[in-house]
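Line order of the protein sequences matches chains A and B. Mapping of the first sequence onto my numbering: position 165 corresponds to residue 339, and the numbering continues sequentially without gaps. Mapping of the second sequence onto my numbering: position 331 corresponds to residue 505, and the numbering continues sequentially without gaps.
There are 2 protein chains.
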Amino acid sequence: MTDSIRISVDAMGGDHGPRVAVHGARLALKERKNTSFIFHGRSAEIAPLLEEYPELKPVSRIVHNDNVISMDEKPSQALRKGRNNSSMWAAIQSVKDGEADVAISGGNTGALMAMATFCLRPMEGISRPAIAAIWPTIRTDIIVLDVGATVGGDAKQLVDFSILGAALARALFDQEAPTIGLLNVGTEEMKGHDEVKEAARILGEASGAGFVYHGFVEGDDIGKGTVDVVVTEGFAGNIALKTAEGTARQVGTYIRNALKADIVSMLGAAIAGQALQALKRKLDPRNINGGVFLGLNGIVIKSHGGTDEIGFKAALGLGYEMARSRVLDKIGEGMRRFPTLTTQGSANDPEPEAKPA
Amino acid sequence: MTDSIRISVDAMGGDHGPRVAVHGARLALKERKNTSFIFHGRSAEIAPLLEEYPELKPVSRIVHNDNVISMDEKPSQALRKGRNNSSMWAAIQSVKDGEADVAISGGNTGALMAMATFCLRPMEGISRPAIAAIWPTIRTDIIVLDVGATVGGDAKQLVDFSILGAALARALFDQEAPTIGLLNVGTEEMKGHDEVKEAARILGEASGAGFVYHGFVEGDDIGKGTVDVVVTEGFAGNIALKTAEGTARQVGTYIRNALKADIVSMLGAAIAGQALQALKRKLDPRNINGGVFLGLNGIVIKSHGGTDEIGFKAALGLGYEMARSRVLDKIGEGMRRFPTLTTQGSANDPEPEAKPA
Chain A
175 MTDSIRISVD AMGGDHGPRV AVHGARLALK ERKNTSFIFH GRSAEIAPLL EEYPELKPVS
235 RIVHNDNVIS MDEKPSQALR KGRNNSSMWA AIQSVKDGEA DVAISGGNTG ALMAMATFCL
295 RPMEGISRPA IAAIWPTIRT DIIVLDVGAT VGGDAKQLVD FSILGAALAR ALFDQEAPTI
355 GLLNVGTEEM KGHDEVKEAA RILGEASGAG FVYHGFVEGD DIGKGTVDVV VTEGFAGNIA
415 LKTAEGTARQ VGTYIRNALK ADIVSMLGAA IAGQALQALK RKLDPRNING GVFLGLNGIV
475 IKSHGGTDEI GFKAALGLGY EMARSRVLDK IGEGMRRFPT LTTQGSANDP EPEAKPA
Chain B
175 MTDSIRISVD AMGGDHGPRV AVHGARLALK ERKNTSFIFH GRSAEIAPLL EEYPELKPVS
235 RIVHNDNVIS MDEKPSQALR KGRNNSSMWA AIQSVKDGEA DVAISGGNTG ALMAMATFCL
295 RPMEGISRPA IAAIWPTIRT DIIVLDVGAT VGGDAKQLVD FSILGAALAR ALFDQEAPTI
355 GLLNVGTEEM KGHDEVKEAA RILGEASGAG FVYHGFVEGD DIGKGTVDVV VTEGFAGNIA
415 LKTAEGTARQ VGTYIRNALK ADIVSMLGAA IAGQALQALK RKLDPRNING GVFLGLNGIV
475 IKSHGGTDEI GFKAALGLGY EMARSRVLDK IGEGMRRFPT LTTQGSANDP EPEAKPA
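So this is what it looks like as structure tokens:
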């Protein structure tokens with residue numbers, strides 16, 4: 175099992191208990207054989223599930239923990255109660271201790287972010303972490319961040335997010351110099367907060383250092399795939415993400431209703447069944463499940479709390495790819511190449527250590 | 175022509191010149207007979223178009239103006255250059271002078287907002303205007319504002335927008351007490367800016383004064399139609415609107431591609447043709463064209479600059495309904511009923527003038 179990717183799972187997170195996590199792991203293992211799992215949570219509930227999946231059991235280990243962070247707990251409460259002693263914390267701690275390459279939880283997002291930040295700490299030079307979403311577009315998958323870690327944020331933070339997002343694009347999509355766009359509004363009058371304008375200036379000057387700064391993009395540029403990485407603060411990003419999910423679901427409802435409006439439509443839909451099934455898969459939110467916590471000294475993936483084993487499998491697959499592609503190394507690289515973040519270097523001097531004497 | 179609704183049209187606004195405006199008016203007149211039009215712009219271009227539509231000509235008047243505000247002019251420039259002397263300004267001035275009930279332009283949004291604000295002035299008690307979108311949902315049409323007039327905004331502004339949105343819902347949808355939701359993010363940790371929290375407190379206390387305060391809503395609640403009015407500041411609102419448009423277009427592309435993937439799918443699509451046509455109409459952005467400027471002493475509608483006559487017709491129809499339903503009166507009513515905005519009244523005293531001696 176050389177080079178196996180070791181995934182630490184908070185088996186108690188999510189609305190549906192450990193079955194989703196364990197069943198999801200079984201499906202993920204089918205797709206990526208060289209994976210091993212550590213399941214954190216109530217052993218009495220997890221062990222019988224592993225018995226059901228003989229192919230999963232040999233690559234799995236259970237670390238018992240009785241304490242479960244509930245979905246409605248406030249992050250500060252969760253941290254007080256569950257620090258050092260909850261399935262969620264233990265899953266993250268496995269990454270810190272080097273026992274796992276990535277941690278995954280379907281639990282309370284705020285609690286997970288608080289614990290991950292507290293346990294793994296922000297990377298040097300990064301002020302606050304972000305949550306990145308892998309967003310399907312007409313062109314190809316792109317990255318949108320922050321979709322919900324921080325409300326507001328200054329120019330420095332938006333620049334940090336750009337470095338993080340570019341590194342993720344380099345890692346996941348194998349792009350040498352991904353294009354970056356700053357999410358903004360359209361009308362000339364109001365073009366953006368001061369923070370967005372200042373971030374644009376910094377990114378414009380640094381363009382070329384591992385990314386290409388494209389300029390401002392608007393909400394409809396996300397679905398078009400105008401750039402590889404869309405950067406914004408967490409409030410607008412979360413609203414964009416949720417609004418897109420809502421719209422996709424809304425249009426899905428329209429399609430279903432239209433195609434069962436009368437017998438002729440139903441016949442047509444039956445004949446075009448395969449195409450419509452493919453479409454349904456494409457619109458299935460479970461297949462794009464998983465928010466990536468970026469900017470910490472370790473990788474943590476948030477799975478949607480309400481998802482099933484198909485969705486959890488997708489989040490595990492994402493975690494696997496994050497670990498395999500060495501995203502943390504790529505972030506470090508990106509930071510070293512970024513001119514204004516290195517106190518000693520300049521735009522033409524990617525190695526700050528190489529300062530002339 | 176008693177009770178005819180008089181629409182003032184900036185015939186030179188938009189990407190495609192006066193043909194779209196005049197042709198759109200002809201289509202709008204077919205749907206709503208008791209409409210009359212004032213077309214502002216270059217007479218030499220507009221007059222020949224009216225000759226083409228003999229049914230439109232008798233209810234139309236041309237007010238010549240040579241100056242056209244271009245799409246890329248900055249609002250401040252546009253205001254300097256076009257104040258008192260441009261087709262855009264003249265269209266708004268007609269409303270101010272009482273010659274028209276509503277003004278419509280497909281021109282530069284920032285310039286239109288600047289000119290409308292300068293010419294019509296904000297209503298007493300309203301600090302800044304908002305742009306409201308009529309948003310189709312699974313349940314029914316709802317109102318989302320602000321979708322692009324102001325970046326940022328304090329609690330008072332969000333409360334103002336709530337009063338404006340509720341009045342628009344009462345006017346357009348004939349709802350006695352529309353439900354209001356404040357757009358926010360999901361995770362407990364970061365629940366909103368301080369401004370959103372403070373606005374929630376004020377709205378909670380005032381709930382019942384012409385609206386029902388529902389609480390926070392998330393991006394996916396928009397498409398679900400969870401509330402009748404979704405309130406947010408212009409940055410997040412614009413991003414939500416554009417992201418939804420982009421997502422709808424993206425899913426539309428998926429549908430088209432799926433249904434022409436092979437001969438069987440094409441056959442099925444042909445048979446379900448009527449249903450798919452209905453679906454296409456439902457997803458057609460032209461049918462929901464028109465942003466409403468709210469909070470000024472007069473009604474102005476922004477039509478999408480790139481739309482065609484079908485889209486312009488929709489914006490004209492929206493303007494007609496706004497005028498017919500006396501939305502300005504309803505806003506005034508809503509403000510008088512709102513407790514914290516009346517310095518002399520209280521929640522139980524909707525008539526501030528009736529102060530006990």
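Cβ atoms here follow ideal geometry from the backbone N, Cα and C, with glycine treated the same way.
**Request:** Report yes if the C-beta distance between T353 of chain B and G397 of chain A is below 9 angstroms; otherwise report no.
**Result:** Within the second sequence, numbered from 1, the residue matching residue 353 of chain B stands at position 179. Within the first sequence, numbered from 1, the residue matching residue 397 of chain A stands at position 223. Taking the C-beta atoms as reference points, G397 of chain A is found no nearer than 9 angstroms to T353 of chain B.
**Request:** Answer yes or no: does any C-beta atom of chain A fall closer than 9 angstroms to that of S182 of chain B?
**Result:** Position 8 of the second sequence, counting from 1, holds the residue named residue 182 of chain B. So no, S182 of chain B is outside the interface.
**Message:** Taking 7 angstroms as the limit between beta carbons, can you name the residues of its chain near A432 of chain A, skipping five residues before and five after?
**Reply:** Here residue 432 of chain A corresponds to residue number 258 of the first sequence, with the count starting at 1. Excluding the 5 residues flanking it on each side, A432 of chain A has same chain C-beta neighbours closer than 7 angstroms at S439, in chain order.
**Request:** Please say whether S336 of chain B and V405 of chain B have beta carbons closer to each other than 9 angstroms?
**Result:** As a first step, residue 405 of chain B is located in the second sequence; it is residue number 231 there, counting from the start. As a first step, residue 336 of chain B is located in the second sequence; it is residue number 162 there, counting from the start. A distance below 9 angstroms separates the beta carbons of V405 of chain B and S336 of chain B.
**Residues within the stretch 425–448 of chain A neighbouring chain B, beta-carbon criterion of under 9 angstroms** = For the stretch 425–448 of chain A, residues whose beta-carbon sits nearer than 9 angstroms to a beta-carbon of chain B comprise V425, G426, T427, Y428, I429, N431, A432, L433, K434, A435, D436, V438, S439, M440, L441, G442, A443, A444, I445, A446, G447 and Q448.
**Asked** Mapping DSSP to helix, strand and coil, what is Y227 of chain B?
**Response** The residue labelled residue 227 of chain B in the question sits at position 53 within the second sequence. Y227 of chain B: coil per DSSP, three-state reduction.
**Prompt:** By DSSP, does I473 of chain A sit in helix, in strand, or in coil?
**Reply:** Position 299 of the first sequence, counting from 1, holds the residue named residue 473 of chain A. Coil at I473 of chain A, not helix or strand.
**Asked** Would you say V237 of chain B and G339 of chain B are within 9 angstroms of each other, going by their C-beta atoms?
**Response** Walking along the second sequence from the start, residue 237 of chain B turns up at place 63. Walking along the second sequence from the start, residue 339 of chain B turns up at place 165. Going by C-beta atoms, V237 of chain B is not nearer than 9 angstroms to G339 of chain B.
**Prompt:** Relative to the alpha-carbon of G491 of chain B, which residue among B:G464, B:I312 and B:I376 has its alpha-carbon at the smallest distance?
**Reply:** Here residue 491 of chain B refers to the residue found at position 317 when the second sequence is read from its first residue. Selected option, being the one with the closest Cα: B:G464.
**Prompt:** Are there 16 or more other CB atoms within 10 angstroms of the CB of I437 of chain B, so buried, or fewer, so exposed?
**Reply:** On the second sequence, residue 437 of chain B is found 263 positions in, with the first residue counted as 1. The residue is exposed, with fewer than 16 neighbouring Cβ atoms inside 10 Å.
**Prompt:** Can you give the Cα-Cα distance for V359 of chain B and L453 of chain A, rounded to whole angstroms?
**Reply:** On the second sequence, residue 359 of chain B is found 185 positions in, with the first residue counted as 1. On the first sequence, residue 453 of chain A is found 279 positions in, with the first residue counted as 1. Distance between the alpha carbons of V359 of chain B and L453 of chain A is about 29 angstroms.
**Request:** Please decide whether R295 of chain A counts as near chain B, where near means a Cβ-Cβ distance under 9 angstroms.
**Result:** If you number the first sequence from 1, residue 295 of chain A lands on position 121. No, because no Cβ of chain B sits closer than 9 angstroms to the Cβ of R295 of chain A.
**Request:** Examine the Cβ distances between the stretch 280–290 of chain A and the stretch 366–373 of chain A and report whether three or more of them are shorter than 8 angstroms.
**Result:** Counting C-beta pairs with one atom in each stretch, the stretch 280–290 of chain A and the stretch 366–373 of chain A have fewer than three that are closer than 8 angstroms, which means they do not touch.
**Message:** Does the structure place the stretch 303–310 of chain B close enough to the stretch 249–262 of chain B that three or more beta carbon pairs sit under 8 angstroms?
**Reply:** Between the stretch 249–262 of chain B and the stretch 303–310 of chain B, the count of Cβ pairs shorter than 8 angstroms is below three; the stretches do not touch.
**Asked** CA-CA distance, I445 of chain A and T427 of chain B?
**Response** Here the question's residue 445 of chain A lines up with position 271 in the first sequence. Here the question's residue 427 of chain B lines up with position 253 in the second sequence. Roughly 20 angstroms between the two C-alpha positions.
**Message:** Taking 8 angstroms as the cut-off, does the stretch 224–231 of chain A touch the stretch 186–203 of chain A (at least 3 CB pairs, one atom from each stretch)?
**Reply:** Between the stretch 186–203 of chain A and the stretch 224–231 of chain A there are three or more C-beta pairs closer than 8 angstroms, enough to call the two in contact.
**Request:** Name, please, each residue of chain A whose Cβ falls closer than 9 angstroms to the Cβ of V405 of chain B.
**Result:** Here the question's residue 405 of chain B lines up with position 231 in the second sequence. For V405 of chain B, no chain A residue has a C-beta closer than 9 angstroms to its own C-beta; the minimum C-beta separation is roughly 13 angstroms.
**Asked** So with Cβ pairs under 9 angstroms, would you call G519 of chain B a contact of chain A?
**Response** As a working note, residue 519 of chain B is residue 345 in the second sequence. Caution is warranted here: a pLDDT of 35 is assigned to G519 of chain B, below 50, making its placement in the model unreliable, and no coordinate value can be reported.
**Asked** So which of B:D395, B:A435, B:K434 and B:Q448 has the shortest CA-CA distance to A422 of chain A?
**Response** To locate residue 422 of chain A, count along the first sequence from 1; it is residue 248. The shortest Cα separation from A422 of chain A among B:D395, B:A435, B:K434 and B:Q448 belongs to B:D395.
**Asked** Do we get a CB-CB distance below 9 angstroms when we pair D328 of chain B with the residues of chain A?
**Response** As a working mapping, residue 328 of chain B is identified with position 154 in the second sequence. So no, D328 of chain B is outside the interface.
**Request:** Using a Cβ-Cβ cut-off of 9 angstroms, state whether V359 of chain A counts as contacting chain B.
**Result:** For the purposes of this step, residue 359 of chain A is identified with residue 185 of the first sequence, where counting begins at 1. By this cut-off, V359 of chain A is an interface position.
**Residues bridged to T427 of chain A (per DSSP)** = Here the question's residue 427 of chain A lines up with position 253 in the first sequence. BP columns for T427 of chain A are empty, so no partner.
**Prompt:** Are the beta-carbon atoms of A274 of chain B and Y494 of chain B separated by less than 9 angstroms?
**Reply:** Numbered from its first residue, the second sequence carries residue 274 of chain B at position 100. Numbered from its first residue, the second sequence carries residue 494 of chain B at position 320. Their beta carbons are not under 9 angstroms apart, which means A274 of chain B does not touch Y494 of chain B by this criterion.
**Proximal residues to M175 of chain B (C-beta, below 6 angstroms), its chain only, five neighbours per side dropped** = Counting from one through the second sequence, the residue named residue 175 of chain B turns up at place 1. Any answer about M175 of chain B is weak, because its pLDDT of 42 lies below 50 and its placement is not dependable; what the coordinates show is given next. None.
**Request:** Could you round the C-beta distance between G469 of chain B and P296 of chain B to whole angstroms and report it? I think they count as a contact, below 8 angstroms.
**Result:** For the purposes of this step, residue 469 of chain B is identified with residue 295 of the second sequence, where counting begins at 1. For the purposes of this step, residue 296 of chain B is identified with residue 122 of the second sequence, where counting begins at 1. About 6 angstroms separates the CB atoms of G469 of chain B and P296 of chain B; that is less than 8 angstroms, so the two are in contact.
**Separation of G479 of chain B from R460 of chain B, as counted between CA atoms** = What you label residue 460 of chain B is simply residue 286 of the second sequence in a count that begins at 1. What you label residue 479 of chain B is simply residue 305 of the second sequence in a count that begins at 1. C-alpha of R460 of chain B to C-alpha of G479 of chain B: approximately 11 angstroms in a straight line.
**Message:** Could you pull the DSSP bridge partners for D184 of chain B from this structure?
**Reply:** Here the question's residue 184 of chain B lines up with position 10 in the second sequence. According to DSSP, which records beta bridges pairwise, D184 of chain B is partnered with B:H214 and B:S279.
**Request:** Determine which residues share a DSSP beta bridge with L319 of chain B and list them.
**Result:** As a working note, residue 319 of chain B is residue 145 in the second sequence. Beta-bridge pairing links L319 of chain B to B:A306 and B:V405.
**Request:** Kindly list the residues whose CB is nearer than 6 angstroms to the CB of A497 of chain B, restricted to its own chain and excluding five residues on each side of it in sequence; keep chain order.
**Result:** Position 323 of the second sequence holds residue 497 of chain B. Apart from the 5 residues on each side of it in sequence, A497 of chain B sits with its Cβ closer than 6 angstroms to the Cβ of I179, D275 and V276 in its chain, given in chain order.
**Message:** 9 angstroms is my cut-off, CB to CB: does D334 of chain A come that close to chain B?
**Reply:** Residue mapping note: residue 334 of chain A aligns to position 160 of the first sequence, counting from 1. For D334 of chain A, the answer is no, since every Cβ of chain B falls outside 9 angstroms of its Cβ.
**Request:** Answer yes or no: do I429 of chain A and D458 of chain A have a C-beta to C-beta separation smaller than 9 angstroms?
**Result:** Residue numbering aside, residue 429 of chain A sits at position 255 when the first sequence is read from its first letter. Residue numbering aside, residue 458 of chain A sits at position 284 when the first sequence is read from its first letter. The answer is no: Cβ separation not under 9 angstroms.
**Message:** Could you give the first and the last residue of the continuous beta strand (DSSP E) run that contains I354 of chain B?
**Reply:** Locating residue 354 of chain B in the second sequence gives position 180, where the first residue counts as 1. T353 to L357 is the extent of the beta strand (DSSP E) around I354 of chain B.
**Request:** From the DSSP output, in three-state form, read off I510 of chain A for me.
**Result:** Position 336 of the first sequence, counted from the start, is the residue given in the question as residue 510 of chain A. Sequence inspection shows Arg at residue 510 of chain A; the Ile mentioned does not correspond to that position. In the structure shown, R510 of chain A sits in a helix (DSSP, three-state: H, G or I).
**Under the three-state DSSP convention, the category I243 of chain A falls into** = Residue 243 of chain A sits at position 69 when you count from the first residue of the first sequence. Reduced to three states, the DSSP call for I243 of chain A is coil.
**Prompt:** Using a beta-carbon distance below 9 angstroms, is A422 of chain A in contact with chain B?
**Reply:** Here residue 422 of chain A corresponds to residue number 248 of the first sequence, with the count starting at 1. So yes, A422 of chain A belongs to the interface.
**Message:** Can you check which of these residues, B:C293, B:G256, B:G281 and B:I475, is closest to K270 of chain B by C-alpha distance?
**Reply:** The residue labelled residue 270 of chain B in the question sits at position 96 within the second sequence. K270 of chain B has its Cα closest to that of B:C293, out of B:C293, B:G256, B:G281 and B:I475.
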